[in-house]
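Engineer:
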Amino acid sequence: MPDLPPFAPPPAFLPGSDALILCRLAQDEPEWDEIAFIAAHDPGLSLRLLQAEPLAAGELERGLLTALARRLQALGDDLLRAWLLADESAPGALPAAAAQAPLTAACALLLARETGYPRPDEALLGGLWAPF
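The sequence shown runs 1 to 132 under UniProt numbering.
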């Protein structure tokens, strides 16, 4: 393994696609094409999306990203967030507290929005990094 700069987090703690998507979902208007791009690089998530709604004949002619973006939009941000937080297929390499980070982040984001906190993205990031 190459030497990492002293400020770099260990590779096991780099955010996965679930965390990246959860950050994108924190926006007022999620960019579904961007989320589809992230999902396309996660074979497990892509498979689950395509199992939830199989491809129609000729649907891939418009491209995989378009097909995934349509499924993600149909799923909606709340259901997608719940789906990602309930994902039990995540690798077990993270400590238990770190595995709870996405749930903590989502709760912090919802609390920030409900209380009118002016920068809910800060609450989301605080929740993601709380276990570390």
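Ideal Cβ placement from N, Cα and C applies to all residues, glycine included.
Are the beta-carbon atoms belonging to residue 64 and residue 40 less than 8 angstroms from one another?
Structural biologist: Yes, Cβ-Cβ distance for residue 64 and residue 40 is below 8 angstroms.
Engineer: Hey, out of 22, 30, 116, 120, whose CA is closest to residue 109's CA?
Structural biologist: Nearest C-alpha to residue 109: 120.
Engineer: Name the two residues that bound the continuous alpha helix (DSSP H) containing residue 18.
Structural biologist: Residues 17-25.
Engineer: Mind the definition here: the region 33-50 touches the region 64-83 only if three or more C-beta pairs lie below 8 angstroms; say whether that holds.
Structural biologist: Short answer: they touch.
Engineer: My output table needs one value for residue 43: the three-state DSSP class, helix, strand or coil.
Structural biologist: Looking at residue 43 - three-state DSSP - the assignment turns out to be helix.
Engineer: Under a Cβ-count criterion, where at least 16 other Cβ atoms within 10 Å of its own Cβ denotes burial, should residue 92 be classed as buried or exposed?
Structural biologist: For residue 92, the predicted structure reports a pLDDT of 48, less than 50, and the residue's modelled location is therefore unreliable. The matter cannot be settled from this model.
Engineer: Between residue 23 and residue 124, how many whole angstroms is the CB-CB distance? I'm expecting something under 8 angstroms.
Structural biologist: At roughly 7 angstroms, the Cβ-Cβ gap stays under 8 angstroms, so residue 23 and residue 124 are in contact.
Engineer: Identify, in the order they occur along the chain, each residue of the same chain with its Cβ nearer than 8 angstroms to the Cβ of residue 56, setting aside the five sequence neighbours on each side.
Structural biologist: Excluding positions up to five away in sequence, the list is empty.
Engineer: Please name the residue, chosen from 129, 115, 106, 130, that lies closest to residue 27 on a Cα-to-Cα basis.
Structural biologist: It is 106.
Engineer: Rounded to whole angstroms, what's the CA-CA distance from residue 113 to residue 49? Just pull it up for me.
Structural biologist: Spanning the two alpha carbons is a distance of roughly 28 angstroms.
Engineer: Can you tell me whether residue 72 is buried or exposed, with buried defined as 16 or more other CB within 10 angstroms of its CB?
Structural biologist: By the 10 Å Cβ count, residue 72 comes out buried.
Engineer: Is it buried or exposed for residue 18, if we count other Cβ within 10 angstroms and need 16 for buried?
Structural biologist: Residue 18 should be labelled buried.
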